[in-house]
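**Q** Under full-length UniProt numbering, think of the first position of the sequence shown as 1, with each following residue one higher.
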Amino acid sequence: MAARFNFKKNLPVEVYPIVAIMGIAVGGASYYLYKLAMGNEVVWDRKGDWKPWDKIKYDQNTKFLTTQPEFWAKRKEQRLALEKERLV
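(1) In this structure, how does DSSP classify residue 162 when only helix, strand and coil are distinguished?
(2) Taking just the CA atoms, how far does Tyr58 sit from Thr66?
(3) I need the straight-line Cα distance from Gly23 to Lys51, nearest angstrom please.
(4) Which residue comes first and which comes last in the alpha helix (DSSP H) that contains Ile56?
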């Protein structure tokens, strides 16, 4: 109660919209900077593996649920056939 009374005593009514607009602007800018910092192109861990998608094989399924398992089996057979042709 005392803080509310003190706020009204020290600030005129005309300052309230400015405080609100500045609060919204600072919040929006903070959100935007967070969004930029957590983007896909940003690398925070330079020592770790920052390109894990390069290790995915041609016939490896990365989906949580597969609706066409025969497609991936066929792809694996094609890859094995290509490897045999290269060896011969």
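Glycine is no exception: its CB is placed at the ideal position from the N, C-alpha and C atoms.
**A** Taking the geometry as given:
(1) An answer regarding residue 162 cannot be provided, because it is not within the stretch 1 to 88 covered by the chain.
(2) Indexing the sequence shown from 1 puts residue 66 at position 66. Indexing the sequence shown from 1 puts residue 58 at position 58. Their Cα atoms are separated by approximately 16 angstroms.
(3) Taking the sequence shown and counting its residues from 1, the one referred to as residue 23 is at position 23. Taking the sequence shown and counting its residues from 1, the one referred to as residue 51 is at position 51. One C-alpha to the other measures close to 38 angstroms.
(4) Mapped onto the sequence shown, residue 56 falls at position 56. Segment: none, Ile56 is in no alpha helix (DSSP H) and carries neither H nor E.
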